[in-house]
Amino acid sequence: MPKMVILDGNSLANRAFYALPLLTTSDGRPTNVLQGFLTMLFRLEQEQHPDYWVVAFDKTKATIRIEQYAGYKAQRKETPEGLRPQFDFLKEILAELDVPMLELAGYEADDLIAAVTKQAEAQGMEVQVYTGDRDALQLISPKTHIYLTKKGISEVECYDEHALWERYQLRPLQIIDLKGLMGDTSDNIPGVPGIGEKTALKLLWEYETVEGVLANAEKVSGKKLQSNLKEYADQARLSKTLATMLTEVPLPFSLENFIYRRPQASKVLPALNKYDLRNVARIWQERYARDGEAKKDIPEVALEQWPVRELSEEGWLAQIEQWRTSKVPLTLACRYEGTGLQGGHWLEWGIAVSGETFKLPREEGDPRVVEAWLGLLESEEVPKILADTKMTALLLGNENKTLKGVAFDLSLASYLIQSSRTKFAPLDLVKEYVPALDAFDSVTDEAAALAQVAPKYQAEIEALGLGDLLHKIEEPLSFVLVQMERQGIGIDIQQLQHFGEGISTTLKQLEQEIYALAETSFNINSPKQLGTILFEKLGLAAAKKTKTGYSTDAETLEELRSAHPIIEKILDYRQLNKLMSTYVNGLLAQEKDGRIHTTFQQTVTATGRLSSTEPNLQNIPIRLEQGRQLRKVFHPTEPGYLLLSADFSQIELRILAHYSQDPLLCESFALGQDVHTRTAAEVFGVSLEAVTSGMRRSAKAVNFGLVYGLTEFGLSRDLGIPRKESKFYIEQYFKRYSGVKQYLENVVAQAKQEGQVRTLLNRLRRIPELYHANRVQRQLGERIAMNTPVQGTAADIMKIAMIQVAEGIKSYQAAVLLQVHDELLLQVAPEDLWQVAHILKDTMENAFPLSVPMTVDCKVGPNWYDLKSYLPKVKKE
DNA sequence: ACGTTCACG
DNA sequence: ACGTACGTGAACGTC
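All letters in the first sequence, in the order written, are residues 0 to 876 by numbering that gives the first Met the number 0.
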């Protein structure tokens, strides 16, 4: 049954005005009604999911009732000063929210509500009326429920026939009689003098209606009451008439005008911000985040069943030929066994095109048909719409076929629209527009569904300006990642095992020493058991706590280093155990034919970076020498080849310089200075020559922090200095680098306005945290707003570089093996080293020119540990 | 399934 | 008074 929700605008606004303290915008406009009304509106929207909704308002002209009774509402006070303007503000915001409003000259909101209710009931709808006015209880019916505001405004109480009976022992229409007898001072309905709610109820319980009461006036107890009923009989009848909500209103339009449309974030947030309605914006944003971002203003798609066309072998050949020449986009679904790199292979294809589907199974298929089909998949000319380009390309690659002609990748599109999404399976992609869908019945069903939602994704990509990012960066990048994953990186298993044996020996020793010092054996890997030993048995002072108990992380233990000899052993144990379990054992488990093939995830991070799994080759140790040794086991897959690494120098700070145009930061890069040294000179007010290593270290931490959204706490912790000192550094920094300060403030302010930020290449990240009820979360949102454009732009630039590098080195004996955010690792034949290194450096430095120069440092060597600088930086004139 | 810890940029 | 630097993935223990 469709659901119609009707709101009594005037009544609710009044309620809100009196229920809430008088809040104002910074320039003094009152907003408490807006806050109260909208809070309630959003709550009911979320809880009730109306199919139709409308807010009714009084029209401030003479109403029919004044013709009936000159005194009607005469006693009513002037609308209070603070309330009146809020009606206009409210209507303005409701318009932005696409909430239909209804007002009609000569009628009160009450009457409009009654008329809409009756009409909606007649059309078989369920009706909910939200009001603070008990008069509306007269509308209750099996189909209509009234929601009365409780104490505040956002709390409501639902009345149906049963609840009404519980409360008053009256039937809905008797509410009119109740008012006829007792009157209503606020509307100046007189009623009968001496009759309040108590007496009126008693009379109605006995005699049902005003007419019944008047007819039996002699029988009622109480002389004064009897005489009043006689004297004011006409007034009682008139009062009853005045209290009756009119249902015969000539509504100038149909209920279709009240169809619910999901408010659009792009209109809602600016409208709320205009009135400083931060709390309301927060509620909206939370709801919007919970519901799933992309659903916001997207209509659901009604999936059609597309018929499956059966073809003979000759028919298939003819059909494939027809697709080859017609070049209509084919939407593909693929069922397969195994996974991309583990020799997985396709089982059947679902093909959807122009309202029809086709199923091509590998098994019964005529080999000629399969060959022809694979030829089509390899054709650049035939456009394909796919759910997962990378997996498809890997599967085809397993039989030496090269996927070409990808016109639209739905997973990547969805990721660009909602970078926070976690599920990109075909069913998830379709469910975004067809929430009720549970499963696909067949591969043709899946292809048809994908084909029907694809235009929605395409439209959304266009609307958000993400087309170039999708087609020029993410889609081409998929193919580069496929090459890299297939190539893998060489790993020296024997060396790794040897490395592991050394660690094992040390670990066993440390284990025994720890047990001896603790005078008991326990599981050192259990933070819980370790905490008990350290802080209870050994009585060490617990500094931090976690949710579940004592904190035993390295930072905490470091503080205790001098307190007990066991601490140092534990820290060593932890470090070695990490190397052993995650790296030695982890990598050994992943090795195949002397190589490691990672999987690069292209739709995981919120910022646009890649991630690497099974194994993660983006977090191989480097900072500590002991772990760094591990890099010795990584080498080229081809004998005699060299590893060539290239990393962007200070890419994030350069992007910050570009964004902020801060003169000092830009100059520093333009002159090719050491940026940390320059920062130290500025912050400490000394010459470049006078910068000490300590000063540089502090400045470096500040520079790092900047990119993360600098905090006093973070900096003080990072440098191990008091908050006061870190505060001083930050102040000094922003004094000198005021352009950076200005930029960071601007990006946060803009993010709060728009609820999102973008990178230089237009990548989008929505930031619901900015509107979270929790302050800590909101501050996180601000740091995200500062960090994402910088980190995300770096990711964009690296992706462009990867595509160009892969293309640029094609004719050389070289391959890209890994990407580690700001580093590319290649292997190259010695004879091609010089040329490939030049191409690499040149391509990366010019992938996306900024207003400051980009510098790439190259290194070369036999393995990932022994790398020496190559192509030393050329001083620019 | 979740929390803690720690490896990387 | 609180809880904090941004972005990830893996191993392990605990529930």
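For glycine and all other residues, C-beta sits at the position ideal for the given N, C-alpha and C.
Item: DSSP state of proline 29, grouped into three classes?; Value: strand
Item: Considering only residues of the same chain and omitting the five flanking positions on each side of leucine 623, which have a CB-CB separation below 6 Å?; Value: none
Item: Take lysine 544 and list the residues in its own chain whose beta-carbon comes closer than 8 Å to its own, dropping the five residues that flank it on each side.; Value: Ser550
Item: Since arginine 762 contacts glycine 738 with CB under 8 Å, what's their CB separation in whole angstroms?; Value: So it is not a contact: roughly 23 Å between Cβ atoms.
Item: Out of Asp444, Gly807, Glu567, point me to the one whose CA is closest to valine 307's CA.; Value: Asp444
Item: Leaving out five residues before and five after histidine 837 in sequence, what residues of the same chain have Cβ atoms less than 8 Å from its Cβ?; Value: Leu870
Item: Could you check the C-alpha separation between glutamate 567 and arginine 560 for me, to the nearest Å?; Value: 6 Å
Item: Is the beta carbon of valine 128 closer than 8 Å to that of glutamate 120?; Value: no
Item: Of all the options Asp233, Asp646, Asn215, which has the alpha carbon lying nearest to the alpha carbon of alanine 192?; Value: Note that residue 192 corresponds to proline in the displayed sequence, not to alanine. Ranking Asp233, Asp646, Asn215 by Cα distance to proline 192 puts Asp233 first.
Item: Spatial neighbours of glutamine 173 within its chain, please: CB distance less than 6 Å, with the 5 preceding and 5 following residues excluded, ordered by chain position.; Value: Leu203
Item: By the three-class DSSP mapping on this structure, what secondary structure does leucine 823 have?; Value: strand
Item: Tell me the rounded alpha-carbon separation between leucine 316 and leucine 394.; Value: 23 Å
Item: Can we say the stretch 672 to 680 touches the stretch 741 to 758, given the rule of at least three CB pairs closer than 8 Å?; Value: no
Item: Below 8 Å, can you find three or more Cβ-Cβ pairs linking the stretch 487 to 496 to the stretch 464 to 473?; Value: no
Item: Can you tell me the Cα-Cα spacing of arginine 42 and proline 29, whole angstroms?; Value: 22 Å
Item: Check whether the stretch 45 to 61 and the stretch 157 to 171 are in contact - that is, three or more C-beta pairs closer than 8 Å.; Value: no
Item: Could you tell me which residues DSSP puts in a beta bridge with leucine 329?; Value: Lys383
Item: At which residue ranges does the stretch 490 to 554 contain complete alpha helix (DSSP H) runs of 4 or more residues, listed in the order of the chain?; Value: 492 to 517, 526 to 531
Item: Going by beta carbon distance, what residues of the same chain come within less than 6 Å of leucine 779, once the five residues before and after it are set aside?; Value: Glu768
Item: In the DSSP assignment, find the unbroken alpha helix (DSSP H) run with glutamate 711 in it and report its ends.; Value: 711 to 718
Item: Taking 8 Å as the threshold (C-beta atoms), are proline 564 and glycine 585 in contact?; Value: no
Item: Going by Cα to Cα distance, which pick from Tyr658, Gly639, Arg630, Ile282 is closest to leucine 268?; Value: Ile282
Item: Please confirm if the stretch 82 to 99 is in contact with the stretch 12 to 29, defined as three or more CB-CB distances below 8 Å between the two stretches.; Value: yes
Item: Does DSSP classify alanine 104 as helix, strand or coil?; Value: coil
Item: Using only the alpha-carbon positions, how far apart do glutamine 263 and isoleucine 460 sit?; Value: 16 Å
Item: With serine 878 and proline 189 assumed to form a contact (beta carbons below 8 Å), what rounded beta-carbon distance in angstroms separates them?; Value: The first residue shown for the chain is 0 and the last is 876, placing residue 878 beyond what the model contains.
Item: Let me confirm a value: valine 682 is counted as buried when at least 16 other C-beta atoms fall within 10 Å, else exposed. Which label applies?; Value: buried
Item: By Cβ distance, which residues of its chain are closer than 6 Å to phenylalanine 733, with the 5 residues on each side in sequence left out?; Value: Lys740
Item: So the beta strand (DSSP E) aspartate 831 belongs to, where does it begin and stop?; Value: Premise fails: aspartate 831 is in no beta strand (DSSP E) and is neither H nor E.
Item: Apply the 10 Å Cβ neighbour rule to glutamate 309 and answer buried if 16 or more other Cβ atoms are within range, or exposed otherwise.; Value: exposed
Item: State yes or no: is the C-beta of asparagine 773 within less than 8 Å of the C-beta of glycine 708?; Value: no
Item: Take every Cβ of the stretch 800 to 812, pair it with every Cβ of the stretch 838 to 848, and state whether three or more of those distances are shorter than 8 Å.; Value: yes
Item: Rounded to whole angstroms, what is the Cα-Cα separation between leucine 590 and histidine 497?; Value: Here residue 590 turns out to be glutamate, not leucine, going by the sequence shown. About 15 Å.
Item: What is the DSSP secondary structure of tyrosine 707, reduced to helix, strand or coil?; Value: helix
Item: Could you pull out every unbroken alpha helix (DSSP H) segment of at least 4 residues lying fully inside the stretch 725 to 795, listed in chain order?; Value: 737 to 753
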